[in-house]
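Numbering (this note's numbering), first residue to last: 1 to 116.
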């Protein structure tokens with residue numbers, strides 16, 4: 001077969017790209033390189049549509065992942081598997097270092113893959 005049997009992952013490096021957009025195939029996987037490392041970040045929070053915190057953690061803090069049954073977070077990379085339409089939305093990564101906070105916005109769009 002010429003076509004892959006499973007949707008190909010979408011990978012987005014977003015360390016400094018505020019307003020980035022990412023497209024993922026329904027049933028597929030999206031991989032977001034959010035930061036180089038979380039080991040020195042005091043606190044971080046990844047939320048969806050400005051209200052639902054789906055990932056929280058930080059230096060010497062326990063990782064809280066609200067969708068851990070189909071996602072993983074390791075070494076600054078967040079991976080969401082088995083994408084559904086409900087995963088589409090505006091995501092915000094907020095990091096806190098000492099007294100400074102940084103905010104990064106990412107849009108994820110999930111749809112059926114288009115094959116040519």
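Ideal Cβ placement from N, Cα and C applies to all residues, glycine included.
Cβ neighbours of residue i in the same chain (closer than 7 Å, five flanking residues each side left out)
{"i": "residue 1", "result": "The predicted position of residue 1 is uncertain, since its pLDDT is 34 and thus under 50; a value taken from the coordinates is nonetheless stated next. So the list is empty, once near-sequence residues are dropped."}
{"i": "residue 59", "result": "39, 40, 41 and 42"}
{"i": "residue 149", "result": "There is simply no residue 149 to check, as the chain begins at 1 and stops at 116 in what is shown."}
{"i": "residue 99", "result": "none"}
{"i": "residue 63", "result": "57 and 73"}
Contacting residues, own chain, Cβ-Cβ under 6 Å from residue i (five flanking each side not counted)
{"i": "residue 8", "result": "The predicted model places residue 8 with a pLDDT of 45, which falls under 50 and marks its position as unreliable, so this point remains unresolved."}
{"i": "residue 102", "result": "95"}
{"i": "residue 97", "result": "42"}
{"i": "residue 104", "result": "18 and 93"}
{"i": "residue 47", "result": "53 and 92"}
Contacts around residue i, its chain only, beta-carbon distance under 8 Å, and the 5 residues preceding and following it disregarded
{"i": "residue 52", "result": "66"}
{"i": "residue 26", "result": "7, 83, 84, 85, 110, 111, 112 and 113"}
Rounded Cβ spacing between residue i and residue j (contact assumed at less than 8 Å)
{"i": "residue 83", "j": "residue 44", "result": "Incorrect: roughly 22 Å between the Cβ atoms, too far for contact."}
{"i": "residue 89", "j": "residue 49", "result": "5 Å"}
Selection from the options that minimises the alpha carbon distance to residue i
{"i": "residue 76", "options": "55, 25 and 87", "result": "55"}
{"i": "residue 35", "options": "74, 22, 63 and 68", "result": "74"}
Continuous beta strand (DSSP E) assignments of at least 3 residues falling wholly in the region 22-106: If only complete runs of 3 or more residues are kept, the region 22-106 shows the beta strand (DSSP E) at 30-33, 43-48, 52-58, 61-65, 71-74, 77-80 and 89-97, in order along the chain.
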